[in-house]
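Chemist:
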Amino acid sequence: MKDAKTRLRRTMMFVPGNSPKMINSADIYGADSLMFDIEDSIAITEKDTARLLVANALKTLKFHSETVVRINHPTQTPFGMDDLKVILPAKPNLIRLPKVEDISEVELVAAEIEKVEKENGWAEGTINIIGAIESVKGLYNVREICKHPRMAAIALGAEDFIANLKTQRTKYGIELYYARSQILMAARDAEIQCMDTVFSDVKDMEGFAAEVTRSKDMGFDGKSVIHPKQIVEVHRIYTPTDIQITKALKVLDAYKDSIENHKGVLAVDGKMIDGPIVVRAQRIVDQAKAAGVNVEEKREQA
Amino acid sequence: MQLNKDCILKNTATAGFEEKNDILITVEASNNDDITVDLTSSVLRQYGRHMKELITATVKEAGFTGIKVTAIDKGAWDYTIKARVLAALERGMK
Numbered sequence: 001m002k003d004a005k006t007r008l009r010r011t012m013m014f015v016p017g018n019s020p021k022m023i024n025s026a027d028i029y030g031a032d033s034l035m036f037d038i039e040d041s042i043a044i045t046e047k048d049t050a051r052l053l054v055a056n057a058l059k060t061l062k063f064h065s066e067t068v069v070r071i072n073h074p075t076q077t078p079f080g081m082d083d084l085k086v087i088l089p090a091k092p093n094l095i096r097l098p099k100v101e102d103i104s105e106v107e108l109v110a111a112e113i114e115k116v117e118k119e120n121g122w123a124e125g126t127i128n129i130i131g132a133i134e135s136v137k138g139l140y141n142v143r144e145i146c147k148h149p150r151m152a153a154i155a156l157g158a159e160d161f162i163a164n165l166k167t168q169r170t171k172y173g174i175e176l177y178y179a180r181s182q183i184l185m186a187a188r189d190a191e192i193q194c195m196d197t198v199f200s201d202v203k204d205m206e207g208f209a210a211e212v213t214r215s216k217d218m219g220f221d222g223k224s225v226i227h228p229k230q231i232v233e234v235h236r237i238y239t240p241t242d243i244q245i246t247k248a249l250k251v252l253d254a255y256k257d258s259i260e261n262h263k264g265v266l267a268v269d270g271k272m273i274d275g276p277i278v279v280r281a282q283r284i285v286d287q288a289k290a291a292g293v294n295v296e297e298k299r300e301q302a
Numbered sequence: 001m002q003l004n005k006d007c008i009l010k011n012t013a014t015a016g017f018e019e020k021n022d023i024l025i026t027v028e029a030s031n032n033d034d035i036t037v038d039l040t041s042s043v044l045r046q047y048g049r050h051m052k053e054l055i056t057a058t059v060k061e062a063g064f065t066g067i068k069v070t071a072i073d074k075g076a077w078d079y080t081i082k083a084r085v086l087a088a089l090e091r092g093m094k
C-alpha cells in the first residue's frame, strides 16, 4: 500500500474504455498512469461493452504504466456496481471513484475490493482507490474521504465542479483556487497523493504549461491529461532542473556531514539550512531519480 | 469471463463496431448444438483460423452451445474479439 501512495504519478492519461484502437496504443506514450474510462466518455448504451473490453485488456495486455479504471458512480448510477463486478477481477492498480461526495461511497467500493482480493488470494492493498472531487459537497467532505486506508490519491474533476459552482473555466483558474487548495491540504494531511484536473484545450500548449506550472508550484503530484502530447510537457515541468538538483545534493550532503560529525548550525553557500529545507531537498532528489535523472552523475559534477 | 447466468440466448444480439482495431460480433441461436463462425476479415488468410478458434472457444467457455456467430473484423486483437463475443452473448441473454 505504501507504494500505491508514493509512486510516481506525474501524468494520468484518460483512455476511452470502448476504443480498442486507443487502448492498444495507450502504453507507448510514457504516461505514469493510464486511466481507462468507462464513465463519462462512454454512451449509456455501451457501458456493458466498455467494461468487458477494459477488463479483457487488463487481463491480456502488459502495461508498463499504472492501470486505473474510472467506473461509473456506484450509487448515483445503475452501472457502478456492475462495473466493479467485471473490472475488479481484472486487477487494475486503482479504481477511480468519480463524483465522490461521502465516505460511505469509498467504503462501499473498498468492501467490494476487499471481497475480490480475498476471493483471489491477493494481498490486501493490491487494488486501491483514487477519488475525484467534482462537487461542493464532495469538497466539504474531502478530509474524511482522503483518510480512508484504501485511498491512494485524490483528484479534482473541474468540469462538474465548476458547473456546480455556476461559473466557467478561466485561464487563470481563480474559480478553482479554493478547491485546489482544500483538496491538496486534505491529501497532505492524509499523506496521499493529489492530482490536478485536465486542461481541455489540447491546442493551447502555452496555457497548458502555465497551468501545470501553477499546480506543481501549489504542490500537486501530477496532472490528468487527455492527449499524449501533454505528457511530455508535464514530465518536463515536473523534472527538477540541474541547478535545483545540484543545490539539493549540496544541502543533503551538508546535512549528512553535520549529523555524522555532530555539527550544530548548518549552512550551505552562506544560507542557514533547517529541517524543512532538508525535506524539500530530499523531495527534489527523489523526483529527479524517479524521472530517470542520473543523480550520482550530478553529484560528481557539483 | 464466465457468465454467471443461465446460458440461453434469448435474442439475436450485436456488440462492437466496424472501426479500426475493433470487430462487430452478432450472435444468434442456431437449430443445432454447433457453434459456427462466419468471419469477414482482411487478414482472413493469415489469422482467420486463429480468430475462428478463439471465437468458438470464448462461446464454449461462456457456457453456450448452438450459436451462430457472424464477425466483421477490422483488425481486432484477441482481447477485443473475446470482449465483443462476451458482450454480444450477455446482451443476447436479456
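If you read the sequences in order, they're chains C and Y. Just so we're aligned: 245 in the UniProt record's numbering is position 245 of the first sequence, and the numbers increase by one with no gaps anywhere. Just so we're aligned: 59 in the UniProt record's numbering is position 59 of the second sequence, and the numbers increase by one with no gaps anywhere. All residues carry an ideal CB built from backbone N, CA and C; glycine is no exception.
Does chain C have any CB closer than 7 angstroms to the CB of Y:Thr56?
Modeler: no
Chemist: Let me check understanding here. Comparing Cα to Cα, which of C:Asp82, C:Ile38, C:Pro78 and C:Phe208 lies closest to C:Lys229?
Modeler: Taking only the C-alpha atoms, the option nearest C:Lys229 is C:Phe208.
Chemist: If you count every other CB in all the chains shown that lies within 10 Å of the CB of C:Met272, and 16 or more means buried, which is it?
Modeler: exposed
Chemist: Given that a residue counts as buried once 16 or more other Cβ atoms are within 10 Å of its Cβ, and exposed if not, what is Y:Glu18?
Modeler: exposed
Chemist: What residues of chain Y sit near C:Thr246, judged by a beta carbon separation below 9 angstroms?
Modeler: Chain Y residues near C:Thr246: none, gap ~46 angstroms exceeds 9 angstroms.
Chemist: Determine which residues share a DSSP beta bridge with C:Glu260 and list them.
Modeler: Answer is none; C:Glu260 lacks a bridge partner.
Chemist: Does Y:Thr80 get closer than 7 angstroms to chain C when you measure Cβ to Cβ?
Modeler: yes
Chemist: For C:Pro78, is the classification buried or exposed, using 16 other Cβ atoms within 10 angstroms of its Cβ as the cut-off for buried?
Modeler: exposed
Chemist: Output the boundary residues of the alpha helix (DSSP H) element that contains C:Leu184.
Modeler: Tyr177 to Ala190
Chemist: Counting contacts by CB-CB distance shorter than 7 angstroms, is C:Ala43 in contact with chain Y?
Modeler: no
Chemist: Under 8 angstroms between beta-carbons, which chain C residues line up against Y:Ala62? List them in chain order, please.
Modeler: Proximity of chain C to Y:Ala62 at the Cβ level (cut-off 8 angstroms) is not reached, the minimal Cβ distance being about 11 angstroms.
Chemist: Any idea if C:Glu300 is buried or exposed, counting beta-carbon neighbours within 10 angstroms, 16 or more meaning buried?
Modeler: exposed
Chemist: In the structure shown, what three-state DSSP assignment does C:Arg70 receive?
Modeler: strand
Chemist: What are the uninterrupted segments assigned as beta strand (DSSP E) that are 3 or more residues long and contained completely in the segment 56-137 of chain C, given in chain order?
Modeler: 66-70, 94-97 and 128-133
Chemist: Check whether the Cβ atoms of C:Asn72 and C:Glu39 lie closer than 7 angstroms to each other.
Modeler: yes
Chemist: From the beta carbon of Y:Asp22, is the nearest beta carbon of chain C less than 7 angstroms away?
Modeler: Yes, contact with chain C.
Chemist: Rounded to whole angstroms, what's the CA-CA distance from C:Arg283 to C:Thr170? Just pull it up for me.
Modeler: 31 angstroms
Chemist: In chain Y, which residues lie less than 8 angstroms from C:Asn24 when you measure between Cβ atoms?
Modeler: Asn21 and Trp77
Chemist: Output yes if chain Y places a C-beta closer than 7 angstroms to the C-beta of C:Lys21; else output no.
Modeler: yes
Chemist: Expressed to the nearest angstrom, what Euclidean distance is found between the alpha-carbon atoms of Y:Gly92 and C:Asn164?
Modeler: 39 angstroms
Chemist: What three-state label does DSSP hand C:Gln301 in the structure shown?
Modeler: C:Gln301: helix per DSSP, three-state reduction.
Chemist: Would you say C:Asn120 reaches chain Y, if we count a Cβ-Cβ gap shorter than 7 angstroms as a contact?
Modeler: no
Chemist: Please list, in chain order, all residues of the same chain as C:Met195 whose beta carbon is under 8 angstroms from its beta carbon, the five residues on each side excluded.
Modeler: Arg9, Met12, Ile130, Ala153, Ile154, Ala155, Leu156, Phe220, Asp221, Gly222, Lys223 and Ser224
Chemist: So what does DSSP say about C:Lys216, is it helix, strand or coil?
Modeler: Helix at C:Lys216.
Chemist: One question on the structure: do C:Val265 and C:Ala254 come within less than 7 angstroms of each other, judged by their Cβ atoms?
Modeler: Inclusion of C:Val265 and C:Ala254 in the CB contact set at 7 angstroms is not warranted, their separation being larger than that value.
Chemist: Does the segment 26-35 of chain C come within contact of the segment 56-65 of chain Y, defined as at least 3 CB pairs closer than 8 angstroms?
Modeler: no
Chemist: Pick out whichever of C:Ala57, C:Gln287 and C:Lys250 has its Cα sitting closest to the Cα of Y:Ala83.
Modeler: C:Ala57
Chemist: C:Asp48: beta carbon under 6 angstroms from a heavy atom of the ligand GDP?
Modeler: No copy of the ligand GDP occurs in the structure displayed, which carries no ligand at all.
Chemist: Do you know offhand how far Y:Gly75's Cα is from Y:Asn21's?
Modeler: 4 angstroms
Chemist: Given 8 angstroms as the limit, is there contact between the segment 14-23 of chain C and the segment 38-55 of chain Y, that is, 3 or more CB pairs closer than that?
Modeler: No contact exists between the segment 14-23 of chain C and the segment 38-55 of chain Y.
Chemist: Are the CB atoms of Y:Gly16 and Y:Ile23 within a distance shorter than 7 angstroms?
Modeler: yes
Chemist: At a Cβ cut of 8 angstroms, what residues of the segment 8-19 of chain Y count as close to chain C, listed as they run along the chain?
Modeler: Ala15, Gly16 and Glu19
Chemist: Use the C-beta contact count for C:Asp189: other C-beta atoms within 10 angstroms, 16 or more gives buried, fewer gives exposed.
Modeler: exposed
Chemist: What number of angstroms, rounded off, separates the C-alpha of C:Tyr172 from the C-alpha of C:Val109?
Modeler: 35 angstroms
Chemist: For Y:Ile25, tell me which candidate among Y:Asp33, Y:Tyr47, Y:Asn32 and Y:Ala13 has the shortest Cα-Cα distance.
Modeler: The candidate whose alpha carbon is nearest that of Y:Ile25 is Y:Ala13.
Chemist: Which class does C:Lys250 belong to by DSSP, given the choice of helix, strand or coil?
Modeler: Residue state, collapsed to three classes: helix.
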